[in-house]
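Heads up: the protein sequence lines correspond to chains A and B, in order. If you read the first sequence in our numbering, its first letter stands for residue 118, the second for the next number, and so on. If you read the second sequence in our numbering, its first letter stands for residue 118, the second for the next number, and so on. Ideal placement from N, C-alpha and C gives every residue a C-beta, glycine not left out. So the structure is just underneath, and the comments pick up after that.
Number of protein chains: 2
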Amino acid sequence: MNKHQLVTQIREKQSYLCVGLDPSMDKIPAHLHKEKDPFFAFNKAIIDETIDYAVAYKPNTAFYEALGTKGWESLERTLDYLPSSVLKIADAKRGDIGNTSNLYAKAFFDTLHADAVTVAPYMGKDSVTPFLGFEDKWVILLALTSNIGSADFQLFQDSTGRQLFEEVLLKSKDWGTPENMMYVVGATRGEKIAEVRRIIPEHFLLVPGVGAQGGSLQDVALHGMNPDVGILVNSSRGIIYASSDRDFAQVAKKEAIKLRDEMSETLQKLK
Amino acid sequence: MNKHQLVTQIREKQSYLCVGLDPSMDKIPAHLHKEKDPFFAFNKAIIDETIDYAVAYKPNTAFYEALGTKGWESLERTLDYLPSSVLKIADAKRGDIGNTSNLYAKAFFDTLHADAVTVAPYMGKDSVTPFLGFEDKWVILLALTSNIGSADFQLFQDSTGRQLFEEVLLKSKDWGTPENMMYVVGATRGEKIAEVRRIIPEHFLLVPGVGAQGGSLQDVALHGMNPDVGILVNSSRGIIYASSDRDFAQVAKKEAIKLRDEMSETLQKLK
């Protein structure tokens, strides 16, 4: 999926919602446990009910790997099931020396047919660029994450006051283009989104941390939007676990609509 | 496996060799392609021939994930096949927000029975500590990697001249102990190993980059060893792809013996 297609989807659906598909056996409704592939059954129901209100889906690979081969199968099924009209993000946070990153890129883009992979920047340019050689595929590089530990190293600063996450943005922004790179910028640090925008005005941001983690959608839209919208806001638990009963998918739909409505308002302001 | 068991193995085998199990279809001998599980057949032969000269094995998960579910099965089989006398390292370079890192820890320690997982530090303390709550299991945190891109961010320095990799060592060394944490320090930056040792005298170092990537074993031993040996030196391509013919495992054995002999000499000096 290229940038034009993504922006078109956002304008049509009036939504920049990304739904995090993070199933775990202790949280999905009990009646799904007897399914042959409970994770896929759960994801399929969520996708079916939210597809009109979301433009991206983001399975975090940890939830699948925790079940070993079986989990990996659920991940494959889920990515296969998602229609090509949405951005399929493998939230894998990979990154390794060049020839090895290239294998991860193949794993996620060729084998699993994801459109985008989250990548960790610690190992530098040659660990990131192998993901950039695939047409209409995306690297989503971690810049400023939404967890408490993000302060440990991401805010480490040089003698001019430049922080590591800013150094990551500055150095990496020319490794690819706004057509094949996005950045993870957590909503829990709303005040930082404006700083990020000054360094990378054009790139899309994938913003986790709205809802359960405490970030505000209004703040994110205010500081993060650019003329091409430029933001994807992720919600995982707030949607998929809004109910743990048989009605989980319908309740997920309601939560997705709520977010879509709020997003739609912010998109009106953009015009 | 705990530290005492690891040091005992090293002294008995007179080796601190870690063998990187990184199979790929274009590099393993052609006659293995018709096996039901070519990666496992390859790994099994390598393990059988090198087990007397190595104390650790390190499959890099990228090589397995590139084949999807099939590859994940090969990884499971390989880790199951390795005897409990060696340290089983899943070179996964994972790291995510706390509850998600916990799932990765379960994936590698509980489901795959690895003894150690490599973890990327970018997301900070709460992305690392979930891996530390498992008895006799290890986090191997990336500090200074062996690739060219390591200079991009790992050498980013603050106003006092402290570099990011040093900040990672300083902050993280008390998250665990030398009994459950090691660090990746690349041999291609031999002069840096002494710097690392000044910050963390007691922790084990996992050192990639000897051989194919150009680092010197003598330098690593000189600067890296401590009274408990304190180093594991990894070789992947130099051993497993020393021959691409039917004799690949026997040639791998010869290469492993060469490294063991060189390691044995450095261990004599330690006494």
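Selection A/372, A/271, A/374 and A/363 evaluated against residue 159 of chain A yields A/363 as nearest (Cα-Cα). Annotated three-state conformation of residue 176 of chain B is strand, per DSSP.
Annotated as distal: residue 254 of chain B and residue 216 of chain B, with beta-carbon spacing of 9 Å or more. For residue 185 of chain A, the C-beta contacts it makes with chain B under 8 Å involve 189, 193, 224, 228 and 229, in order along the chain. The three-state secondary structure of residue 380 of chain B, taken from DSSP, is helix.
Counting of Cβ neighbours within 10 angstroms places residue 277 of chain B among the exposed residues, the total staying below 16. Look at residue 128 of chain B here: in three-state DSSP terms it is helix.
The three-state secondary structure of residue 346 of chain B, taken from DSSP, is strand. Neighbourhood of residue 156 of chain A in chain B, by CB distance below 7 Å: empty, with the nearest CB roughly 13 Å away.
In the DSSP assignment, residue 217 of chain A falls within the alpha helix (DSSP H) that extends over 215–222. Contact check between the region 197–214 of chain A and the region 225–244 of chain A: three or more CB pairs, one atom from each, fall below 8 Å, which counts as touching. The C-beta of residue 141 of chain A comes closer than 9 Å to at least one C-beta of chain B. Where residue 292 of chain A is concerned, there is no enclosing alpha helix (DSSP H), because DSSP gives it neither an H nor an E. Ranked by Cα distance from residue 325 of chain A, the first of A/302, A/345, A/319 and A/310 is A/302. Residue pairing by DSSP places residue 321 of chain A opposite A/299 in a beta bridge. With respect to chain B, the C-beta atom of residue 338 of chain A has no partner C-beta closer than 9 Å.
Distance from the CA of residue 175 of chain B to the CA of residue 166 of chain B, rounded to the nearest whole angstrom, comes to 16 Å. Comparing C-alpha distances from residue 189 of chain B to each of B/154, B/181 and B/195 shows the shortest one belongs to B/181. With respect to the 9 Å criterion, residue 218 of chain A and residue 201 of chain A are not classified as neighbours on the basis of their beta carbons. Counting only residues of its own chain and dropping the five nearest sequence neighbours on each side, residue 284 of chain B has a CB closer than 8 Å to the CB of 275. Every unbroken stretch of the alpha helix (DSSP H) spanning 4 or more residues and falling wholly within the region 184–245 of chain B is given here in chain order: 186–198, 215–222 and 242–245.
For the region 252–283 of chain A, the full-length beta strand (DSSP E) segments reaching 3 residues or more read 255–261 along the chain. Taking residue 282 of chain B as the centre and dropping the five residues before and after it, the same chain places the C-beta of 260, 261 and 271 closer than 6 Å to its C-beta, in chain order.
Contact between the region 126–134 of chain A and the region 340–352 of chain A is present: three or more C-beta pairs spanning the two stretches fall below 8 Å. Residue 119 of chain A carries a coil assignment under DSSP once its states are collapsed to helix, strand and coil. Using a Cβ-Cβ cut-off of 9 Å, residue 297 of chain A does not count as an interface residue toward chain B, since no Cβ of chain B sits closer than that to its own.
Taking the CA atoms as reference points, residue 124 of chain B sits about 22 Å from residue 250 of chain B. Taking the Cα positions, residue 195 of chain B is about 17 Å away from residue 351 of chain B. For residue 385 of chain A, no CB of chain B lies under 9 Å from its own CB, so it is not counted at the interface with that chain. Annotated as proximal: residue 357 of chain A and residue 140 of chain A, with beta-carbon spacing under 9 Å.
Between the C-alpha atoms of residue 380 of chain A and residue 148 of chain A there is a straight-line separation of about 33 Å.
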